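In our numbering, the protein residues as written are 270 to 474.
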């Protein structure tokens, strides 16, 4: 009986060793990429994390997760055979994200240690602000700081007044009219005619 138990134990250990030996294994060329310092107007930044399957079974990336909407990953979808290479490509969008950043991406594979954390770091130099930034709302050639006014407190014996800054982005002068205005509202544009870019250049404004 002891011999039988020892034999079964030996067989189980042998199977376990075989299972451990036959597996995929991932070896990365790097796990952190530094973009350095770059200008926001340079746009999308891209880098590649390459790896090699140093195991004896096909390697499969089952999931790649980025923790920020500014970071977009792409990766090898097919099984990577032993000795072959694969990749995880990462794009970073710096729009409206000036300053230093440190973002992580989790890669899950069918290896013994399934999760790998990749990192991208860098520093974004803020672009110079223009009219589009100060007047973000667009209506044709007219840009506005906002498209709504919130009168939080309104009294029946007092007139409430507020305003929305606007700018004419066209070359020509612009006159604004309003239609279907409710009788309890009084809307006007000051000045009545908004100068265009050409008129501003000629006047030196």
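Glycine included, every Cβ here is placed at the ideal spot set by N, Cα and C. Here the structure is a predicted model, which means the values were calculated and not measured.
Rounded to the nearest angstrom, what separates residue 329 and residue 340 at their Cα positions? 22 Å
Any heavy atom of the ligand MG closer than 7 Å to the beta-carbon of residue 299? For the ligand MG, the structure offers nothing, since it holds no ligand at all.
For residue 308, does the three-state DSSP call read helix, strand or coil? strand
Rounding to the nearest angstrom, what Cα-Cα distance links residue 432 and residue 413 in this structure?
11 Å
Would you report the Cα separation of residue 462 and residue 435, rounded to the nearest angstrom?
12 Å
#### Entry: Close Cβ partners of residue 445 (< 6 Å) along its chain, the five nearest in sequence each way excluded
458
>> In the DSSP output, which residue or residues are listed as bridge partners for residue 335?
In response: 374
Open item on the list: Considering only their Cβ atoms, is the gap separating residue 373 from residue 336 smaller than 8 Å?
Closed with: yes
Next item on the list: Verify whether the separation of the beta carbon atoms of residue 466 and residue 442 is less than 8 Å.
Entry: no
**Study point:** Cβ neighbour criterion (16 or more within 10 Å) applied to residue 424
**Key:** exposed
Q | Terminal residues of the beta strand (DSSP E) in which residue 403 lies | A | Note, residue 403: premise wrong, no beta strand (DSSP E); alpha helix (DSSP H) at 400 to 403.
(Q) Considering just the uninterrupted stretch of the beta strand (DSSP E) at residue 418, what are its terminal residues? (A) Taken as a continuous stretch (DSSP letters only), residue 418 belongs to no beta strand (DSSP E), as it is neither H nor E.
Host beta strand (DSSP E) of residue 314 (start-end)
314 to 322
Tell me whether the beta-carbon of residue 300 lies closer than 8 Å to the beta-carbon of residue 390. no
* To do: Specify, as a first and last residue, the run of the beta strand (DSSP E) that residue 361 falls within.
  => 354 to 361
request  = Assign residue 444 to one of three DSSP states: helix, strand, or coil.
outcome  = strand
What are the residues that DSSP puts in a beta bridge with residue 411? 408, 437
> Anyone know if the C-beta pair for residue 314 and residue 367 falls short of 8 Å?
Replying inline: no
Point to revise | Reduced DSSP category for residue 369 - H, G, I as helix; E, B as strand; rest coil | key: strand
- Message: Do residue 311 and residue 293 have their beta-carbon atoms positioned less than 8 Å apart in this structure?
- Response: no
request  = Would you decide whether residue 421 is buried or exposed? Buried here means 16 or more other CB atoms lie within 10 Å of its CB.
outcome  = exposed
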